[in-house]
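Input: a single structure, listed below in structure tokens.
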Amino acid sequence: MAPGEERRSDGAISLPPGPRRPAAVQALEWALRPATFLERCHRDYGDLFTVRLDVGRAPRVLIAEPQTAARLLSDPSLTKIPDTRASIAPVFGEEWVLLANGAKHIRRRRQMLPAFHGDHLQGYREKIVAATDSEIARWPLSQPIALRGRLQSLTLQLILVAVLGSAGEEVMEETGRKVESLLAIVANRRAALAVALPDRARSLLARGALGRARSSLDAVIVAEIERRRRTPAGGVGSDALAHLLQPTVDGEEALRTEVVCDQVRTLLLAGHESTATSLAWTLEHLVHAPNASKRLREEARSIGGDGGEAYTEAVLTESLRLSPPLANTQRQLTKALPSGPYTLVPGTLVTPCAYLIHRRPDLYPAPNEFRPERFLSAPPTPAAWLPFGGGPRRCLGASFARLQMNLILRRLFQRLSLEAVSAMREPVQRRGIVLAPANGAEVVVTKRLPP
Ligand code: HEM
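In terms of the working numbering, the sequence shown opens at residue 2 and continues consecutively.
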């Protein structure tokens with residue numbers, strides 16, 4: 002038997018091989034060198050491998066094989082949300098869409114989706130460009146600056162507009178400050194290291210500062226929900242909160258205040274850090290790719306910035322391929338899953354791994370190189386490109402994220418000249434659940450044109 006492999010009594014292999022180091026060691030490797038850890042395991046054990054990343058919990062099977070990953074994501078009868086995901090309920094709440102299964106999940110999605118699709122999205126265009134102009138006016142010239150944090154302030158403002166825009170500036174600003182305080186606790190290196198701790202120690206950490214930060218954010222959201230409930234119908238605005246407060250869908254009851262609050266908090270937290278991190282990676286790739294930067298600048302600066310968007314879109318697709326901010330999606334099998342020599346049993350935790358699938362040489366020639374041209378003639382296939390997940394749980398904000406990334410990137414290339422601080426590429430670092438550039442995508446702004 003290969004190391005770490007487990008067989009059932011009928012001889013079928015129920016757990017593929019994987020590293021045999023203790024869970025605490027694997028968890029630390031994953032926390033400190035996530036990309037190296039994934040790449041090594043894939044090289045040593047193949048397309049399906051078993052890792053132990055949570056002390057005292059069941060192992061997980063990582064899946065770097067595109068067809069099996071696509072099946073897991075697209076067939077809801079095969080999987081459910083893992084019971085272990087409840088461990089993040091202290092941050093996102095018991096009722097958030099990411100914890101819901103079945104009909105409840107569909108309902109939660111349906112209530113949030115309209116604010117992030119169709120005509121609604123087009124209404125954000127001018128706000129995105131204006132907010133980008135105000136943000137870049139604050140960037141100093143001729144000195145190294147880390148872009149990720151600055152872009153995150155920008156995307157936080159934009160998600161606040163989409164979710165609570167009808168609440169007014171004061172409420173949005175206060176909510177923004179509270180979101181930042183909460184994220185400062187969960188999305189940092191120390192929090193990534195906490196995965197090596199046993200459950201009890203983690204839940205003690207989850208109370209205290211985290212609990213206080215969450216209550217303080219919730220107080221502002223609940224006050225706004227109550228204010229809108231007192232407002233006569235029609236006066237509640239058109240942001241995501243207004244959609245969540247709509248009285249009934251197909252005869253269902255209106256959501257309770259705490260349920261609405263969970264959805265609002267989820268959108269605010271899930272809806273800006275990954276977008277900012279992905280943009281930071283895009284710029285990190287571009288400042289080290291002079292030909293791609295030149296071509297993007299020409300497209301962005303062509304008369305009125307209207308010379309088509311094909312190259313901008315190819316740049317974004319390539320950046321999301323090479324550096325998906327969320328490397329993995331988590332599921333738990335509800336049925337047996339045969340894949341190659343393995344038969345994974347119900348209850349197994351399975352993790353389709355976008356990071357590894359995106360770097361397969363059989364799908365992408367020279368997979369470690371940043372080459373936007375590969376997507377100019379054809380878009381990627383869903384099984385080979387899954388930065389937003391797939392199937393019924395595909396990212397609800399994908400179109401909104403894409404629109405922001407497109408407009409912000411084009412505006413930066415219209416107005417700024419950017420240079421790399423160093424010829425060295427930034428390694429991948431974990432910040433909470435996202436994989437980010439370790440120095441925050443450091444660049445120097447050498448020139449800024451007026452708006
Ligand atoms: C580049 C930016 C983004 C990336 C890479 C990203 C990635 C993802 C991924 C991989 C999932 C699937 C998780 C799973 O299957 O378990 C997801 C779900 C989700 N995302 Fe995003 N996301 C981004 C931006 C956004 C934005 C802007 C919003 C806010 C509108 C958002 C809201 C959500 C929500 C609510 C879900 C849960 C959907 C469900 O369970 O049905 N995301 N995202």
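Glycine residues also receive a C-beta, built at the ideal position from the N, C-alpha and C atoms. These numbers were taken from a predicted model, which means no experiment stands behind them.
- In the three-state reduction of the DSSP assignment, PHE389 falls in the coil class.
- Judged by DSSP secondary structure, PHE401 falls within the alpha helix (DSSP H) whose first and last residues are 399-416.
- Remark: the shortest separation between the CB of LEU404 and any heavy atom of the ligand HEM does not fall under 7 angstroms.
- With the rule of 3 Cβ pairs closer than 8 angstroms, the stretch 364-383 does not count as touching the stretch 327-335.
- Put simply, of ALA24, LEU49, ILE14 and GLU6 the residue whose alpha carbon is nearest the alpha carbon of LEU357 is LEU49.
- The three-state reading of DSSP puts SER340 in strand, counting E and B together.
- The C-beta separation of ALA163 from ALA224 comes to about 19 angstroms, leaving the pair out of contact by the 8 angstroms criterion.
- A straight line joining the alpha-carbon of GLU66 with that of GLU319 spans about 19 angstroms.
- The Cβ atoms of ALA421 and HIS286 do not sit closer than 8 angstroms to each other.
- Around the CB of LEU404, 16 or more other CB atoms lie within 10 Å, so the residue is classed as buried.
- Annotation for ALA214: the continuous alpha helix (DSSP H) segment containing it runs 210-231.
- Per DSSP, ARG178 is not a residue of any beta strand (DSSP E); the alpha helix (DSSP H) it occupies stretches across 170-187.
- Minimum Cα-Cα distance from LEU29 among the listed residues LEU54, ALA36, SER154 and ARG21 corresponds to LEU54.
- Distance from the CA atom of SER143 to the CA atom of VAL446, rounded to whole angstroms, is 6 angstroms.
- Take ALA132, set aside five residues on each side of it, and the residues of its chain with a beta-carbon closer than 7 angstroms to its own are LEU155, GLN158 and LEU159, in chain order.
- Around the C-beta of LEU297, 16 or more other C-beta atoms lie within 10 Å, and the residue is accordingly described as buried.
- If you check the C-beta of GLN158 against the ligand HEM, you find no heavy atom less than 7 angstroms away.
- For ARG432, the enclosing beta strand (DSSP E) stretches over residues 429-432.
- Spatial neighbours of THR276 in its own chain (CB-CB distance under 7 angstroms, excluding positions within 5 residues in sequence) are listed in chain order as THR156, ALA402, GLN405 and MET406.
- For PHE376, the CB stays at least 7 angstroms from every heavy atom of the ligand HEM.
- Distance from the Cα of ILE222 is smallest, within the candidate group ARG34, VAL187 and GLU175, for GLU175.
- Straight across, the Cα-Cα distance linking LEU114 with ALA384 is about 23 angstroms.
- When rounded, the separation of the alpha-carbon atoms in GLU127 and GLY103 is 37 angstroms.
- Here SER340 is buried. Its C-beta has 16 or more other C-beta atoms within 10 Å.
- VAL130 is bridged by DSSP to nothing; it lacks a bridge partner.
- Bounds of the beta strand (DSSP E) holding THR447 are 443-449.
- Between the ligand HEM and HIS121, a heavy atom-to-CB distance of less than 7 angstroms is absent.
- Pairwise C-beta distances place the stretch 374-388 in contact with the stretch 310-326, as three or more of them are shorter than 8 angstroms.
- Looking at ALA220, ALA255, GLU181 and LEU246, the one whose alpha-carbon comes closest to that of LEU270 is GLU181.
- Where ALA36 is concerned, the enclosing alpha helix (DSSP H) starts and stops at 35-46.
- A heavy atom of the ligand HEM is found nearer than 7 angstroms to the CB of SER279.
- Counting along the chain, the unbroken alpha helix (DSSP H) around ILE358 starts and ends at 355-358.
- A distance criterion of 7 angstroms places the beta-carbon of HIS106 in contact range of the ligand HEM, judged by its closest non-hydrogen atom.
- Residue side-chain check: ARG322 keeps its Cβ at 7 angstroms or more from all non-hydrogen atoms of the ligand HEM.
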